[in-house]
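S.K.: Going by the UniProt record's numbering, the residue at position 111 of the sequence shown is 111; the numbering climbs one at a time, nothing skipped. Using N, Cα and C, we set each Cβ at its ideal position, and we do this for glycine too. Fair warning: this is a prediction, and the values are worked out from it, not measured in the lab. Could you have a look at this structure, given as structure tokens, before my questions?
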Amino acid sequence: MKIYTGRGDAGQTDLQNMSRVSKASPRIEAYGTVDEVNALIGRCRPTGYDDVDEQLREIQNHLHVVQADFANPEPDEDDPQVAAEHADLLESWMDAHDEELEPLTSFILPGGGESGANLHHARAVCRRAERRAVALAGEEDINDDAVTYLNRLSDALFILARVVNKRDGEREESPTY
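Written out as structure tokens, the structure is:
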């Protein structure tokens with residue numbers, strides 16, 4: 001299978017149902033930004049911590065489902081979709097990781113070591129993906145669980161950045177005002 005077709009050269013692309021839309025449409029913006037998050041998470045791996053790397057790999061698989069979900073304006077019952085259980089899984093991971101972290105008393109500056117800083121970057125792009133998904137939901141029906149998942153994922157990436165930075169011996173810094 002060739003990766004190029006030339007069909008998108010005029011600024012249009014195919015959705016899963018083979019309808020054509022502008023590459024600037026809210027639907028394409030939403031799943032394209034999710035793709036950015038997924039690529040950034042790939043850059044974060046390996047962190048050097050098996051538990052975190054396994055979670056990041058599973059998140060990447062979930063994000064492929066979110067992308068497929070957003071790429072399909074007319075999903076069938078058997079099409080893959082993110083469900084509430086996916087967000088619940090993120091919450092369980094956050095709760096477990098939270099036990100190894102000091103409670104926050106202020107905002108912290110994004111940064112730290114390479115993996116931690118990359119996770120903070122992925123978190124920020126995930127927030128953008130969520131905003132794009134909310135914009136899409138304002139125009140078309142989409143899976144609400146996908147929006148919830150992106151919201152929870154940005155929190156999970158924040159926690160994972162803190163965990164990796166702590167394990168790497170990086171000190172958290174509060175902003176000065």
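Would you call the CB atoms of residue 83 and residue 145 closer than 8 Å?
M.R.: For residue 83 and residue 145, yes; Cβs fall inside 8 Å.
S.K.: Which full runs of the alpha helix (DSSP H) of 4+ residues lie inside the stretch 71-153, going along the chain?
M.R.: Counting only runs of 4 or more, we get 84-98, 114-137.
S.K.: Given 8 Å as the limit, is there contact between the stretch 34-50 and the stretch 114-123, that is, 3 or more CB pairs closer than that?
M.R.: At 8 Å Cβ cutoff, the stretches touch.
S.K.: Specify the secondary structure class of residue 222 as computed by DSSP and reduced to three states.
M.R.: Outside the modelled stretch of the chain, which goes from 1 to 177, sits residue 222, for which no answer is possible.
S.K.: Terminal residues of the continuous beta strand (DSSP E) containing residue 20?
M.R.: Run containing residue 20: 20-22, per the beta strand (DSSP E) assignment.
S.K.: Would you mind working out which of 70, 58, 5, 162 sits nearest residue 132, comparing C-alpha positions?
M.R.: Nearest of 70, 58, 5, 162 to residue 132, Cα basis: 70.
S.K.: Please report how far the alpha carbon of residue 134 lies from the alpha carbon of residue 141, in whole angstroms.
M.R.: Rounded to the nearest angstrom, the two C-alpha atoms are 11 Å apart.
S.K.: Have a look at 137, 52, 38 and flag the residue whose alpha-carbon is nearest the alpha-carbon of residue 160.
M.R.: The option with the nearest alpha carbon to residue 160 is 52.
S.K.: For residue 106, count the other beta carbons within 10 Å of its own beta carbon; 16 or more makes it buried, fewer makes it exposed. Which is it?
M.R.: Burial call: exposed.
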